[in-house]
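Numbering (the numbering used here), first residue to last: 40 to 328.
Here a beta-carbon is modelled for each residue, glycine too, at the ideal position from N, C-alpha and C.
Right, one structure below, let's go through it.
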């Protein structure tokens with residue numbers, strides 16, 4: 040019998056409710072699938088045939104512990120998805136620069152290493168932006184993220200200075216298109232599965248449901264789907280392995296897809312919007328074990 044650990048966090052020891060369908064699908068196919076807390080030092084990962092990283096939603100708050108855990112998985116005698124190299128690469132948002140180098144359309148971005156100098160007024164002037172977003176390179180769920188208009192540059196400079204003193208940071212052009220909706224396209228084994236559009240609450244830009252955002256089932260056109268697939272292909276070329284799962288997040292502008300994030304570690308996969316998605320994911324996992 041195939042034994043699979045589904046890595047989660049201490050706050051979600053039984054996974055998120057949305058993952059129930061693929062957990063059931065694995066069990067229906069004769070696999071043993073157990074949620075296991077990633078940060079539990081007592082876990083023997085070698086006891087499993089495979090580890091599928093799922094809802095480790097607190098990893099970015101413990102970056103050193105996360106790095107050590109990924110090293111442990113890399114040395115373990117079991118399959119790990121996504122691959123440890125992919126986890127390391129995707130955990131730091133400077134990966135966007137790598138994908139841009141492979142032809143993926145991303146938002147205009149300043150990549151600032153910890154301890155560097157950032158002058159918001161200068162960035163606004165040189166880039167010609169009216170608004171920008173500042174976020175840590177290791178972050179999730181809009182953690183320590185701010186939307187800053189040009190006329191607030193002086194007031195927010197001290198906050199930015201403090202953030203850059205501690206962390207690598209991205210300074211990005213704000214994408215007003217996000218108020219129309221952010222696409223999330225889900226791929227299993229490189230094949231498109233399903234998609235949703237996430238929309239922020241009126242007056243906000245954050246699309247996460249915990250910030251008031253909403254999720255809508257929509258079907259991407261062929262052009263958008265092809266461009267999202269190109270992102271997954273670029274990931275495979277960059278890291279050297281096709282991801283088991285990928286959620287490609289971005290905005291559409293005049294028919295062009297602009298990548299915001301490609302989620303390869305702990306994305307919500309929106310199984311609830313597609314009755315067949317859990318089965319497709321379970322099949323993809325078991326084909327690789």
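| query | result |
| --- | --- |
| Residue burial classification, residue 205 (beta-carbon count within 10 angstroms, cutoff 16) | exposed |
| Meets three-Cβ-pair contact criterion under 8 Å: the stretch 290 to 298 and the stretch 43 to 58 | no |
| Endpoints, the alpha helix (DSSP H) within which residue 326 is located | 316 to 327 |
| Three-state secondary structure assigned by DSSP to residue 47 | strand |
| Limits of the beta strand (DSSP E) - the one that residue 258 falls within | Segment: none, residue 258 is in no beta strand (DSSP E) and carries neither H nor E. |
| Nonlocal neighbours in the same chain, by C-beta distance under 8 Å from residue 290, ignoring five residues either side | 214, 216, 217, 219, 220, 221, 222, 296, 297 and 299 |
| Touching by the beta-carbon criterion (3+ pairs, under 8 Å), the stretch 111 to 127 and the stretch 136 to 154 | no |
| Three-state secondary structure assigned by DSSP to residue 267 | helix |
| Other residues of its chain near residue 329: CB distance less than 6 Å, five sequence neighbours each side excluded | Residue 329 lies beyond the stretch modelled for the chain, which goes from 40 to 328, so this question has no answer here. |
| CB-CB length for residue 341 against residue 196, believed under 8 Å | What the structure shows of the chain is the stretch from 40 to 328, and residue 341 is not part of that stretch, so it cannot be assessed. |
| Residue 102: first and last residue of the uninterrupted alpha helix (DSSP H) it sits in | 102 to 114 |
| Residue closest to residue 252, alpha-carbon to alpha-carbon, out of 81, 263 and 236 | 236 |
| C-alpha gap between residue 143 and residue 275, whole angstroms | 13 Å |
| Identity of the residues DSSP links to residue 211 by a beta bridge | 148 and 172 |
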